[in-house]
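Peer 1:
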């Protein structure tokens, strides 16, 4: 896997994992383009994006993490995990937040592996389709 700067077209090229497929209709090309302006990167295998992730600063010392992943094999996921963990460790943001759909068990496991701690178990009607999400934060 090669790590490259995020480009808006990476989101359109991703074959999103089943748990995130519904999100593709909620991210406009303009929103994807705006993400290029913030700390972000993509994982690419044989020229095809397999993941895109980054942070959106909210104010000094606080940012929100975002990420889109395809269904990758174990070895590719391990590489993505290592890159994301390193990115978070070096981003120098005191508080990084992440939300996970309440019923997305693998997402909960992954953010915990990245060092995020659960702060709100259920935020009702938080997701773009009105679904419930959990709030995690990684605080330095």
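Residue numbers (our numbering): 104 to 243.
We put the beta carbon where it would ideally sit given N, CA and C, even for glycine.
Computed from a prediction, not measured in an experiment: that's the story for all the values here.
(1) With a 10 Å radius around its C-beta and 16 neighbouring C-beta atoms as the bar for buried, classify residue 153 as buried or exposed.
(2) Restricting to Cα atoms, I'd like to know which of 225, 142, 110 is closest to residue 132.
(3) Counting pairs of beta carbons, one from the segment 179–193 and one from the segment 123–139, are three or more of them closer than 8 Å?
(4) Quickly, what does DSSP pair residue 220 with across the bridge? List them, please.
(5) Is residue 201 closer than 7 Å to residue 166 when the C-beta atoms are compared?
(6) If distances are taken between C-alpha atoms only, which option among 156, 188, 121, 162 comes closest to residue 241?
(7) Per DSSP, residue 200 is paired with what?
(8) With distance defined between alpha-carbon atoms, name the residue in 235, 170, 115, 243 nearest to residue 213.
(9) Pull up the distance between the alpha-carbon of residue 134 and that of residue 112, whole angstroms please.
(10) Taking residue 148 as part of the beta strand (DSSP E), name the residues at either end of that continuous run.
(11) When the Cα atoms are used, what is the spatial distance from residue 173 to residue 143?
(12) In three-state terms, what does DSSP make of residue 111?
(13) Use the C-beta contact count for residue 228: other C-beta atoms within 10 angstroms, 16 or more gives buried, fewer gives exposed.
Peer 2: In this structure, then:
(1) buried
(2) 110
(3) no
(4) 240
(5) no
(6) 188
(7) 167, 240
(8) 170
(9) 11 Å
(10) 143–148 is the extent of the beta strand (DSSP E) around residue 148.
(11) 17 Å
(12) DSSP, reduced to helix, strand and coil, places residue 111 outside both helices and strands of the structure shown, so it counts as coil.
(13) exposed
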